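Asks: Residue numbers (our numbering): 2 to 391.
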Amino acid sequence: MSGYTGTTSEQNALLSEDAFRNLLGALQAPKIQASKIENEPRGRGHYAMVYHGTALVQSRRVQVALKVFHKSNTRVGLERLTRNIIRETRVWSQLRHPNILPLLGVCPEIESRRIWLVSPWIENGNLSEYLNNNPRADCVGLCRGIVRGVHYLHSVDVLHEDIRATNVLVDANEVPLLADFGLSRFVEELPAAGDATTGLYQGSLRWMAPERIQPTTFGMAAGAAQSAASDVYSVGMTMYEIFTRKMPFHQKRDIELVQTIVRGVRPDHPGNVAIMRGMNPRLWEFMWDTWDHDRAKRPQLEVALQTVLFDPETPKSTTSQLKGVTRNAYSRKTWVEIDLAPSEPVYELENWSGGQWTDSHGVAHSHGGTGLYLGRTRSGEKGLFPGRSS
């Protein structure tokens, strides 16, 4: 297979074939034979590479992604890495949710002592790439899908621990798929790819909760800092990415990040561009609360799904009149009678003008009344619609 570094004799010196086969005995994921694997990786990260190939899955030949981890340079490290991969694949293979990237199986390679993780090939790539290529992406829908996926993980006692746009894939139907959950737990076993920084912090610091960065500052042991609440913090940062197309604290240099985050500094309100992409006041309030310095005060994802991230296909209230025609239209604050109706029902209505108020974080919002309402039609069209509170 491609992606192998080091001679066979060097790898054999690290871990014998019998020892490797014994470890593989604990694998529970289906064994898959992949073919047509490209010579060069399509993606290269701090602790793994991803190749494109094909595989026979349930009698169908499909395009697949094959992830292989950088090799540890010690026998103990390689054995521990292999055990960790086996443990994580055991968890991953049991997860079933529309917003979780499925594990199709594994492809053990005896000669190189590697285990390739096989998942569906997602042509759109990761969320960061997708947003750059699709300026009209449904940002609220993407946020909703991510929150659903993380909520599911927590419901089955699984932590993701590395939520950010590059660890979310987007399928052909614009459905976000969480990937790489749990892998941050053992990346310290892996050699850095051209970076001496500890694997856990490579590229992830901007999304990490403060208690994970410096657990002792919060009176915690390192293992106790990882929690559902620290995932919630990262969810908020990923939502910030979605609405801004920028990394959290993008104006800060890496060297400033640790103290910035540990002190409890939160990102600034991203302004009108994010609002036009669907970031209404209640979504901003939710994001702000996910970054609370006290993890006990961070919001529950289930509550968010029932309120600020409601499903527009199933509105929670009755109806509003649009030009005399009864339509489903839901406002998070109030029902709205639209004076100039669009061609479709309007969802996610938020008052844009007609009186100002400032929330507890100093962010200006609008009262109800006559004015413009920011909304989205079912087909995804966004715009400002004139209306008045009913």
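Using N, Cα and C, we set each Cβ at its ideal position, and we do this for glycine too. Model, not experiment: these values are computed from the prediction.
1. Assuming Asn-85 and Ile-147 make a contact with CB atoms under 8 Å, what is their CB distance in whole Å?
2. Provide the residue span of the beta strand (DSSP E) that contains Thr-55, from first to last.
3. If you draw a straight line from the C-alpha of Arg-91 to the C-alpha of Ile-38, how long is it?
4. If you measure from the CB of Gly-224, is any heavy atom of the ligand NAP nearer than 7 Å?
5. Find the nearest neighbour of Glu-110 within the set Gly-126, Leu-25, Asn-125, judged by alpha-carbon distance.
6. For His-397 versus Glu-303, is the C-beta distance shorter than 8 Å?
7. Can you tell me where the beta strand (DSSP E) holding Phe-244 begins and where it ends?
8. What whole-angstrom Cβ distance do Ser-205 and Asp-163 have, given they're in contact under 8 Å?
9. Beta-carbon within less than 8 Å of Arg-22's beta-carbon, same chain only, minus the 5 sequence neighbours each way: which residues are those?
10. Could you round the C-beta distance between Val-171 and Asn-125 to whole angstroms and report it? I think they count as a contact, below 8 Å.
11. Would you mind reading off the limits of the beta strand (DSSP E) that contains Phe-70?
12. Have a look at Thr-239 and Lys-298 and give me their C-alpha separation to the nearest angstrom.
13. Which class does Val-266 belong to by DSSP, given the choice of helix, strand or coil?
14. Beta-carbon within less than 6 Å of Ala-229's beta-carbon, same chain only, minus the 5 sequence neighbours each way: which residues are those?
15. Within its chain, find whatever has a CB closer than 6 Å to the CB of Ala-20; leave out the 5 residues flanking it on each side and keep chain order.
16. Along the chain, where does the alpha helix (DSSP H) containing Gly-150 start, and where does it finish?
17. Beta-carbon separation of Leu-104 and Ser-120 under 8 Å?
18. Within the same chain, show all residues whose beta-carbon is closer than 7 Å to that of Phe-250, passing over the 5 residues directly before and after it, in chain order.
19. Kindly indicate which residue of Arg-45, His-161, Gly-78, Gln-29 has the alpha-carbon position closest to the one of Ala-66.
20. Going by DSSP, which residues form a beta bridge with Val-176?
21. Considering only residues of the same chain and omitting the five flanking positions on each side of Ala-226, which have a CB-CB separation below 8 Å?
22. Using DSSP with H/G/I as helix, E/B as strand and the rest coil, what is Ala-222?
23. Please classify Thr-199: is it buried, with 16 or more other beta-carbons within 10 angstroms of its beta-carbon, or exposed?
24. Taking the continuous beta strand (DSSP E) assigned at Arg-80, which residues delimit it?
25. For Asn-168, count neighbouring Cβ atoms within 10 angstroms of its own Cβ and tell me buried if that reaches 16, exposed if not.
26. Excluding sequence positions up to five away, which residues of its chain have a Cβ less than 8 Å from the Cβ of Ala-305?
27. Rank Ala-275, Ala-173, Ser-231 by C-alpha distance to the C-alpha of Pro-300 and give the top, closest one.
28. Evaluate Ile-256 with the Cβ neighbour count: other Cβ atoms within 10 Å of its Cβ, from every protein chain shown; 16 or more gives buried, anything less gives exposed.
29. Do the CB positions of Leu-310 and Cys-140 come within less than 8 Å of each other?
30. Answer with buried or exposed for Glu-89, where buried requires no fewer than 16 other C-beta atoms within 10 angstroms of its C-beta.
31. Since I believe Ile-87 is in contact with Ala-27 (beta carbons under 8 Å), could you give me their beta-carbon distance rounded to a whole number of angstroms?
32. Is the shortest distance between the beta-carbon of Ser-156 and the beta-carbons of chain D less than 8 Å?
33. Do Phe-244 and Arg-283 come within 8 Å of each other at the CB atom, strictly closer than that value?
Replies: Taking the structure as given:
1. That pair is no contact at about 25 Å.
2. 49 to 58
3. 24 Å
4. Absence of the ligand NAP is noted for the structure shown, with no ligands found whatsoever.
5. Leu-25
6. One cannot answer for residue 397 here, as it falls past the ends of the chain, which runs 2 to 391.
7. Note, Phe-244: premise wrong, no beta strand (DSSP E); alpha helix (DSSP H) at 229 to 245.
8. 6 Å
9. The residues are Ile-111.
10. With a Cβ gap of about 5 Å, Val-171 and Asn-125 count as contacting.
11. 61 to 70
12. 19 Å
13. coil
14. Taken in chain order, the residues that qualify are His-155.
15. none
16. 140 to 156 is the extent of the alpha helix (DSSP H) around Gly-150.
17. yes
18. Arg-207, Leu-258, Thr-261, Pro-268
19. Of the candidates Arg-45, His-161, Gly-78, Gln-29, the one whose C-alpha sits nearest the C-alpha of Ala-66 is Arg-45.
20. Paired residues: none, contrary to the question.
21. Ala-210, Glu-212, Arg-213, Pro-216, Phe-219
22. coil
23. Note on Thr-199: pLDDT 40, under 50, position unreliable in the model; the coordinate value appears next. Residue environment for Thr-199: exposed (fewer than 16 other C-beta atoms within 10 angstroms of its C-beta).
24. Correcting the residue type first, residue 80 is Glu in the shown sequence and not Arg. From DSSP, Glu-80 is part of no beta strand (DSSP E) but of the alpha helix (DSSP H) over 76 to 93.
25. buried
26. Val-148, Phe-287
27. Minimum Cα distance to Pro-300 is reached at Ser-231.
28. exposed
29. no
30. Buried, because 16 or more other Cβ atoms sit within 10 Å of the Cβ of Glu-89.
31. 5 Å
32. Included in the structure is just one protein chain, with no chain D present.
33. no
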